[in-house]
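Residue numbering for the sequence shown follows our numbering, beginning at 212 and increasing consecutively.
In what follows, a single structure is set out as structure tokens and then discussed.
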Amino acid sequence: LEAITTGRSDYFDGRFDNFLGYWEALSKIAGSVRAKPFMQGGVMRIVRDQALSIPVAMFSVRNIVKGSFGVTYLMPTAETADVVDVKYFDSTSWSQASVRADLLTPAARAALILAGTSPKPAKIDLFGVTSRAQAYREGLYQAASNRYRRKIIKFKTEMEGFIPSLGDLIAIQHDMPAWGQGGEVTNWVLGTLRATLSEPVTW
Numbered sequence: 212l213e214a215i216t217t218g219r220s221d222y223f224d225g226r227f228d229n230f231l232g233y234w235e236a237l238s239k240i241a242g243s244v245r246a247k248p249f250m251q252g253g254v255m256r257i258v259r260d261q262a263l264s265i266p267v268a269m270f271s272v273r274n275i276v277k278g279s280f281g282v283t284y285l286m287p288t289a290e291t292a293d294v295v296d297v298k299y300f301d302s303t304s305w306s307q308a309s310v311r312a313d314l315l316t317p318a319a320r321a322a323l324i325l326a327g328t329s330p331k332p333a334k335i336d337l338f339g340v341t342s343r344a345q346a347y348r349e350g351l352y353q354a355a356s357n358r359y360r361r362k363i364i365k366f367k368t369e370m371e372g373f374i375p376s377l378g379d380l381i382a383i384q385h386d387m388p389a390w391g392q393g394g395e396v397t398n399w400v401l402g403t404l405r406a407t408l409s410e411p412v413t414w
């Protein structure tokens, strides 16, 4: 992840001056660059939460256990944070500082002011972050996660479940939410490049 974090000017710059467990310390270091540690096959790995474009596995009605698929939608409530206040240690002033990050449009912000209300900020403390720009980016990330990550997908599978790792991108096809189309290629003729499918497909 060094090339990614260096390219973004994301750094951990902190000091541990009291007793802390190894895993907790590692989690704080990784958390400053939007990552987290995990164990896989006896090996400690670090995964960063970031956009990916190539799925490592495909799950469809053919390999999802029947009756196990479900989608839960998290609806916004009165407690849903509109903005995020990020607390960090500023390397310029050498003191605690905070920066507010929000996804509100100017019109939405003006409407709140006219209505006499104010945003409901969530508060986070980024240990090891000493740059205002990095703190602001992480605040925007938290605000965007709160706004857009409101769909939880759960299902059971068999051996294919060992293919993806934590943080990997997967593709899901299922009839219930009408995501994509599923089936099998039952025959393939190399000479004519003709595939025979088990199900009718709408192109």
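Think of the CB as a built atom: it goes at the ideal place given N, C-alpha and C, for glycine as much as any other residue.
The model shown is predicted, which means the values in this text are computed figures rather than measured ones.
With distances taken between CA atoms, F280 lies nearest to K365 out of M370, K365, V297. Per DSSP, T341 is not a residue of any alpha helix (DSSP H), being assigned neither H nor E.
Annotation: the continuous alpha helix (DSSP H) that includes T217 extends over 213-219. For the pair A268 and L237, the Cα-to-Cα distance works out to about 29 Å. In the same chain as M387, and ignoring 5 residues on each side of it, the C-beta atoms closer than 8 Å to its own belong to F280, V282, in chain order. Following the DSSP letters along the chain, one finds G281 inside the beta strand (DSSP E) bounded by residues 281-284. Taking one beta carbon from each stretch, the stretch 347-356 and the stretch 269-276 have fewer than 3 pairs nearer than 8 Å; the two do not touch. At a Cβ-Cβ threshold of 9 Å, V340 and S243 count as neighbours. Excluding residues up to 5 positions away in sequence, T341 lie with their Cβ nearer than 6 Å to the Cβ of S302 in the same chain.
Separation of F230 and Q392 (C-alpha to C-alpha, rounded to the nearest whole angstrom) is 54 Å.
The beta carbon of V276 is closer than 8 Å to those of F366, K367, T368, E369 in its chain, skipping five residues each way along the sequence. Comparing C-alpha distances from E235 to each of Y284, D260, F249 shows the shortest one belongs to F249. With a 10 Å radius around the Cβ and a threshold of 16 neighbouring Cβ atoms, A312 comes out buried.
For I364, the enclosing beta strand (DSSP E) begins and ends at 362-365. In terms of CA proximity to L315, A292 leads the group V297, A292, S304.
Between G225 and K247, the CB-CB gap reaches or exceeds 9 Å.
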